[in-house]
Each structure stands twice: as structure tokens, then as C-alpha cells.
């Protein structure tokens, strides 16, 4: 049975934008998703209580919104890495020597 392909990175990013932390869960990184959610809540709480009432709503929750934006980018990045690895497998590395046992000219320059 062939391995199950990963979900498309754009789908992961859309889900992460709507439901924080779920993008990481869809990438099989549940612990990372929980870490983002708890950090987002904690920093949102801290920035809310450290700001004054004159600050806008976005400013009052700036810490949580920052982590929210990072979690979206993180979910997309890891989904993209998984997508590329699955769809472009690494081929076997070429031999470092030629058939006669000598190093090719381009390899000799870097040695």
C-alpha cells in the first residue's frame, strides 16, 4: 500500500487561519499546535493586562495576534516541506568517482 500523500499546503494554511493550532495538528505535529495555542492565549492575556484602556483592540491583544500569525506561517511552511518531500523524492546521489576510480574534475576543485 503506497503512503498517504500529505494535504495541500494551501488547505493547511486556510485551516490554520480559521482554527489556530489545527494546521499543525493536520501536519501530524499536535504538540506544536498545542504550544502555539497556549502561547497565543498567554501572550494575548499578558498584553491585554499590560496595556491601557486607550489602546486599540488589536494593540491590546498584540502578543496573541503575533503568535497567531506565526502559527499560520509555521503550518504552511511545514505543510510545504512535507508536500515537496513527498512529491519530489531525493534520488540516489551520483558516485564521487568515475569508472576509472578518479575524482571528476569539478569534485577535485572543491577538495
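In this note's numbering, the protein residues as written are 38 to 148. Even glycine gets a Cβ: it sits at the ideal position worked out from N, Cα and C.
1. Hey, would you say residue 115 sits closer than 8 Å to residue 64, going by beta carbons?
2. Just to confirm my understanding: we take residue 61, look at its own chain, exclude 5 residues before and 5 after, and list those with CB closer than 6 Å. What are they?
3. Quick one: what does DSSP say residue 58 is sitting in, helix, strand or coil?
4. What are the uninterrupted segments assigned as alpha helix (DSSP H) that are 4 or more residues long and contained completely in the stretch 79-115, given in chain order?
5. Can you give the beta carbon distance from residue 76 to residue 97, rounded, assuming they're within the 8 Å contact cut?
6. Three-state secondary structure (DSSP) at residue 68?
7. Using DSSP with H/G/I as helix, E/B as strand and the rest coil, what is residue 63?
8. Within the same chain, show all residues whose beta-carbon is closer than 6 Å to that of residue 54, passing over the 5 residues directly before and after it, in chain order.
9. Can you tell which of 106, 124, 89 and 41 has its C-alpha closest to the C-alpha of residue 50?
To lay it out plainly:
1. Cβ distance < 8 Å, so residue 115 and residue 64 count as in contact.
2. Take residue 61, set aside five residues on each side of it, and the residues of its chain with a beta-carbon closer than 6 Å to its own are 69, 70 and 112, in chain order.
3. It is coil, neither helix nor strand.
4. Residue ranges of uninterrupted alpha helix (DSSP H) with 4 or more members, entirely inside the stretch 79-115 and ordered along the chain, are 94-97.
5. In fact, because the Cβ distance is near 17 Å, the residues do not count as touching under 8 Å.
6. Here residue 68 sits in helix by DSSP.
7. Judged by DSSP in its simplified three-state form, residue 63 adopts helix.
8. Excluding sequence neighbours, residue 54 sits near 109.
9. For residue 50, the closest alpha carbon among the candidates 106, 124, 89 and 41 is that of 106.
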